[in-house]
Amino acid sequence: MADIIIVDDDLGVCRSLQMLFNKDAHSVSVVHTASAALQLLGDNRYDVIFTDLKLPDMSGLDIVAFAKKRLPTSEIIVITGYATIETAVEAIKSGAYDYLTKPLSIEKVRITLKRVMEKIELTRQVDVLRRQLHDSINFENMIGSSTKMQEIFKTIRQIAEGDSTVLITGESGTGKELVARAIHYNSQRRSSPFVAVNCAAFSRELIESELFGHIKGAFTGAIKEKTGFIEMASGGTLLLDEIGETTTEFQVKLLRVLQEGEYYKVGQTSPSKMKSRIIAASNRNLEKAISEGTFRKDLFYRLNVISIHIPPLRDRRQDVPLLAHHFIKKYASRLTSKEVTAITHETIEVLMQYDYPGNIRELENAIEYAVTFAASSQITPNDLPQSFASLSLKSAGAQLPLIPLKAALYEYERALLIAALTHCDGNISMAARHLAIHRQRLQQKIKEFSIDTENIKK
Ligand SMILES: Nc1ncnc2c1ncn2[C@@H]1O[C@H](COP(=O)(O)OP(=O)(O)OP(=O)(O)O)[C@@H](O)[C@H]1O
Ligand SMILES: [Mg+2]
Numbered sequence: 007m008a009d010i011i012i013v014d015d016d017l018g019v020c021r022s023l024q025m026l027f028n029k030d031a032h033s034v035s036v037v038h039t040a041s042a043a044l045q046l047l048g049d050n051r052y053d054v055i056f057t058d059l060k061l062p063d064m065s066g067l068d069i070v071a072f073a074k075k076r077l078p079t080s081e082i083i084v085i086t087g088y089a090t091i092e093t094a095v096e097a098i099k100s101g102a103y104d105y106l107t108k109p110l111s112i113e114k115v116r117i118t119l120k121r122v123m124e125k126i127e128l129t130r131q132v133d134v135l136r137r138q139l140h141d142s143i144n145f146e147n148m149i150g151s152s153t154k155m156q157e158i159f160k161t162i163r164q165i166a167e168g169d170s171t172v173l174i175t176g177e178s179g180t181g182k183e184l185v186a187r188a189i190h191y192n193s194q195r196r197s198s199p200f201v202a203v204n205c206a207a208f209s210r211e212l213i214e215s216e217l218f219g220h221i222k223g224a225f226t227g228a229i230k231e232k233t234g235f236i237e238m239a240s241g242g243t244l245l246l247d248e249i250g251e252t253t254t255e256f257q258v259k260l261l262r263v264l265q266e267g268e269y270y271k272v273g274q275t276s277p278s279k280m281k282s283r284i285i286a287a288s289n290r291n292l293e294k295a296i297s298e299g300t301f302r303k304d305l306f307y308r309l310n311v312i313s314i315h316i317p318p319l320r321d322r323r324q325d326v327p328l329l330a331h332h333f334i335k336k337y338a339s340r341l342t343s344k345e346v347t348a349i350t351h352e353t354i355e356v357l358m359q360y361d362y363p364g365n366i367r368e369l370e371n372a373i374e375y376a377v378t379f380a381a382s383s384q385i386t387p388n389d390l391p392q393s394f395a396s397l398s399l400k401s402a403g404a405q406l407p408l409i410p411l412k413a414a415l416y417e418y419e420r421a422l423l424i425a426a427l428t429h430c431d432g433n434i435s436m437a438a439r440h441l442a443i444h445r446q447r448l449q450q451k452i453k454e455f456s457i458d459t460e461n462i463k464k
């Protein structure tokens, strides 16, 4: 369904178009002069504007110009007699989508409208995607109300513009890549590529040619020239993830690159200029790696000029509720079949008690799981993955009175028997079956616990 305006002084044209569009359930406004059209266009939003090129008070081109300026999302289709076909071409040049010639062919009008509607829909989708992309690079997508996270956000803003190397440390799943992306997208490098390389993913021999590239024939198997990651990230940012997994020989080469601002493609004798910013990340304790001799101290100091340490989630539990809500929104919007909109207070408490060895990634996965399997529109502790189960019990246990075990068991057993009997309207055989005991045994117990079955039957 579209909002359409028809501008034509030919009443017959107006009527037939209006009938056609109304039949297809579009909403239609009709005016016969350009000045009336401009007034409506100034106050309303239309998807499609059909305008005659020859109007009593102005040219249809004026309408095209006005609409292009004021209603950039509207599409314009001009209507023209053979005499004004050149003006129609001009209208297209100034941004009209298409033109129709008089006398109008209803079939042609229909096809043109269908095509323009498809274009509008496509533009809309691109807009949504663009907005999503923008959101995904914005701080809006990085959540953290804890002072520790707020400090990190501040650091990101302060260092985004520079060229200095950054070292990001933190346990797995704490958001190191997200921080690296935030630095990139908040800098002037944002329109150039952000390239993330997992150093642990390459064999120790290959990493050098992967990173620096190689020339043809540099070694056996180098059948053609290869662009390295540094070059791919040219003008942008290169994230060297798991930097602690590289060999000390590679570390020496990387240090040299950082110091000289130049690198050598494998097999090349002249250096290439380094144009990307390097961010390194590690979930290993690099100081420990230095003392163990697996990480070079000089590279560490070179990288550590600006360092960001992201604390594990268990050290900033106050971020859990916000993150949980953020992920509910993220995953709920992907499910169309049901609506999960809330989470109980009790569930948040359970989530806050957990230690998250996998940090935010683990919380995110837990919420995705809960949203998928939630029995209702509210997430409860029962919807969380198995790893949270003992915590749910613990938090349920917190409400139990502390009484001798024997008395507690007695109370529980009695309540259970009454529940089974009530459920079966006092029918002892049936209740015994639910409890998986013999009828006689249940009768004994009824006596033992002085349960009034007559009362239950009523
Ligand atoms: N502050 C945050 N707000 C919202 N989402 C976050 C935040 N931190 C991390 N995430 C999400 O958690 C997941 C893990 O983050 P990321 O990949 O950046 O972690 P990492 O530290 O690089 O992990 P690894 O060490 O395993 O590579 C991602 O889906 C990311 O979007
Ligand atoms: Mg990572």
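Using this note's numbering, the first residue of the sequence shown is number 7, and each one after it goes up by one. Idealized CB from N, CA, C, for every residue including glycine.
Looking only at its chain, what residues have a beta carbon closer than 6 Å to the beta carbon of residue i, apart from the 5 residues adjacent to it on each side?
i	result
Y270	P277
I189	I162, A166
G101	K74
Y375	P391
K193	Just to set this straight, residue 193 is Ser in the shown sequence, not Lys. If we look at S193 and ignore the five residues flanking it on each side, its Cβ neighbours are A166, E167.
Can the beta-carbon of residue i be found closer than 8 Å to that of residue j?
i	j	result
Q449	I434	yes
I10	F27	yes
Q384	T350	yes
L59	A94	yes
V84	T57	yes
R2	L261	In the structure as shown, the chain starts at 7 and stops at 464, and residue 2 therefore has no counterpart that could be examined.
I314	V201	no
I55	A42	no
I69	V13	yes
M155	D321	no
G223	T233	no
Y52	L77	yes
E251	C205	yes
Y360	L397	yes
T86	T107	yes
G181	E368	no
E183	D133	no
I316	V185	yes
S170	I296	no
Taking the alpha-carbon positions, what's the residue i to residue j distance?
i	j	result
Q257	R302	7 Å
E417	I409	11 Å
A539	S65	Since the first and last residues shown for the chain are 7 and 464, residue 539 lies out of range.
L441	L390	28 Å
V203	R283	13 Å
K259	I158	30 Å
V356	A414	25 Å
M7	L128	15 Å
I229	A207	22 Å
A286	L319	21 Å
L264	F306	12 Å
E255	N365	32 Å
L294	G176	In the sequence under discussion, the amino acid at residue 294 is Lys, which differs from the Leu named in the question. Straight-line Cα distance between these residues: approximately 14 Å.
K6	I443	Outside the shown range of the chain (7 to 464) lies residue 6, about which nothing can therefore be said.
S339	V346	9 Å
E466	D30	The requested residue 466 is not part of the displayed model; the chain covers only 7 to 464.
E266	L244	17 Å
E231	N388	56 Å
L61	A40	6 Å
R116	S198	43 Å
T473	G48	Any question about residue 473 goes unanswered here, given that the chain covers just 7 to 464.
K344	E370	19 Å
Classify residue i: buried if its beta carbon has 16 or more other beta carbons within 10 angstroms, exposed otherwise.
i	result
G18	exposed
F394	buried
F225	exposed
I82	buried
N289	buried
S142	Residue placement at S142 cannot be trusted, given a pLDDT of 46 that sits under 50; the coordinates are not used to answer.
K279	exposed
F333	buried
I91	exposed
V377	buried
L341	exposed
T353	buried
I112	exposed
G150	buried
R445	exposed
Which same chain residues end up closer than 8 Å to residue i when comparing Cβ atoms and leaving out the 5 residues on each side of it in sequence?
i	result
L423	A437, L441, L448, K451, I452, F455, I457
Who are the Cβ neighbours of residue i in its own chain at under 7 Å, not counting the five residues just before and after it?
i	result
D431	K463
I373	A330, F333, I334, Y337
L46	I11, S35, V37
K281	S240, G241
So with Cβ pairs under 8 Å, would you call residue i a contact of chain B?
i	result
S198	No chain B appears in this structure, which consists of one protein chain only.
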